[in-house]
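Protein chains in written order, with my numbering: chain Z, 69 to 170; chain G, 5 to 225.
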């Protein structure tokens, strides 16, 4: 395996590329396909370019998962349990008020 | 949650990337201040504002509805007890998410899932690991990834992969933060994330099963 520091980005092997791909993604803005150092390599290795596109598409779509959809609520029992637990602890060590409704 | 958890839930300095994704919510600041003064309705409002995100985070990390609801409950009980220590140095939701992640990780440790050595303990078996066939262009995704399909694929990832993927790609934590939380090396976090994405690519290229009602399926950890 070629050391990363001595890696020639234009002529590295696909195996080297695969080895260092996590680093390529972790560095910079995480978009390997726009990394100027890799343009020649990706142009000459379309399979590697396709892999990069797929992994970028997955990472991009993952960001959209941050906002949950409307059907992803906990059941009403969760809030009931919270209320009950808070009632039990009222006057105890935490001395919390008891929220009534959501 | 016992006092042991307090040390784990201290807010750390804000991370710009996460802060950007957690813009202030209308009425939230007032509710936080009121809740600090013991206003019960303010607690209700904070629960209503954040229950969905906290629950979804728990569900993604745990892959189990029942456990996710239990941890959602614990997270809000913890929040209500400790809201006085929120100083506004980071977005409230960032603080709450960090608190939730720490509680879930503590829960997993209590269950016996040793996160000290990520590589050895939650690295998936050979059959779960992504195949090394990255050169098969014919099987490449078409350039877009369906949200529901991705959600389903994430739910079926092995726990170690899923944890790092959710923390990094969904929640926006940096590798050094994940390494601290999971007590592993930064390199390990990067490697796990890469394997997770490769595994997701593999899963997404498989024929999709019929849609499920909630978009998420329950997966045992």
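The beta carbon of each residue, even a glycine, is placed where N, CA and C say it ideally should be.
Cβ-Cβ distance between residue i and residue j below 9 Å
i	j	result
residue 50(G)	residue 83(G)	yes
residue 150(G)	residue 127(Z)	no
residue 46(G)	residue 36(G)	yes
residue 76(Z)	residue 205(G)	no
residue 109(Z)	residue 143(Z)	no
residue 194(G)	residue 91(Z)	yes
residue 117(Z)	residue 101(Z)	yes
residue 159(G)	residue 67(G)	yes
residue 179(G)	residue 202(G)	no
Extent of the continuous alpha helix (DSSP H) to which residue i belongs
i	result
residue 183(G)	179-186
residue 146(Z)	144-157
residue 30(G)	Run containing residue 30(G): none; DSSP gives neither H nor E here.
residue 121(Z)	114-132
residue 196(G)	190-209
residue 166(G)	163-169
residue 61(G)	44-66
residue 136(Z)	Element bounds for residue 136(Z): n/a, residue is neither H nor E.
residue 84(Z)	82-94
residue 154(G)	151-159
Inter-residue Cα distance where the pair is residue i and residue j
i	j	result
residue 59(G)	residue 97(G)	13 Å
residue 106(G)	residue 176(G)	15 Å
residue 121(G)	residue 34(G)	Note that residue 121(G) scores a pLDDT of 44, beneath 50, so its modelled location is shaky; the value from the coordinates is reported in the next line. Rounded to the nearest angstrom, the two C-alpha atoms are 42 Å apart.
residue 120(Z)	residue 115(G)	37 Å
residue 207(G)	residue 157(G)	6 Å
residue 155(G)	residue 111(Z)	31 Å
residue 187(G)	residue 113(G)	12 Å
residue 192(G)	residue 149(Z)	38 Å
residue 139(Z)	residue 74(Z)	51 Å
residue 125(G)	residue 162(G)	Low per-residue confidence applies at residue 125(G): pLDDT is 41, beneath 50, and the placement is therefore not dependable enough to give any value.
residue 114(Z)	residue 107(Z)	11 Å
residue 164(G)	residue 97(Z)	24 Å
residue 69(G)	residue 44(G)	27 Å
residue 152(Z)	residue 79(G)	15 Å
residue 100(G)	residue 93(G)	12 Å
residue 94(Z)	residue 166(G)	17 Å
residue 110(G)	residue 75(G)	10 Å
residue 104(G)	residue 56(G)	13 Å
residue 39(G)	residue 91(G)	13 Å
residue 131(Z)	residue 169(G)	11 Å
residue 134(Z)	residue 145(Z)	24 Å
residue 199(G)	residue 189(G)	15 Å
residue 148(G)	residue 89(Z)	21 Å
residue 65(G)	residue 54(G)	17 Å
residue 22(G)	residue 157(Z)	With a pLDDT of 45 at residue 22(G), under the threshold of 50, the modelled position of this residue cannot be trusted; read the value that follows with caution. Going from the Cα of residue 22(G) to the Cα of residue 157(Z) covers about 33 Å.
Within chain G, the residues that residue i reaches when beta carbons sit closer than 8 Å
i	result
residue 153(Z)	77, 81
Proximal residues of chain G, C-beta to C-beta of residue i below 7 Å
i	result
residue 144(Z)	Residues of chain G passing the Cβ test: none, with the nearest at roughly 10 Å.
residue 107(Z)	Near residue 107(Z) there are no residues of chain G at all, since even the closest Cβ is about 18 Å away, more than 7 Å.
residue 140(Z)	56, 59, 60
residue 149(Z)	77
residue 93(Z)	198
Interface partners of residue i on chain Z, CB under 7 Å
i	result
residue 195(G)	90
residue 148(G)	125
residue 201(G)	123, 126, 127
Under 8 Å from the C-beta of residue i: neighbouring residues of chain Z
i	result
residue 175(G)	134
residue 111(G)	The contacting residues do not exist; residue 111(G) stays about 15 Å from chain Z at best.
Neighbour list for residue i in chain G, Cβ cutoff strictly below 9 Å
i	result
residue 131(Z)	25, 173, 174, 176
The ligand ZN heavy atom lying under 8 Å from the CB of residue i
i	result
residue 135(Z)	This structure lacks the ligand ZN; in fact it carries no ligand of any kind.
Cross-chain neighbours of residue i in chain Z, by beta carbon under 9 Å
i	result
residue 155(G)	133, 137
residue 151(G)	129, 132, 133, 137
residue 71(G)	Residues of chain Z passing the Cβ test: none, with the nearest at roughly 12 Å.
Runs of alpha helix (DSSP H) lying entirely within the stretch 69-96 of chain G, each at least 4 residues, in chain order: 69-86
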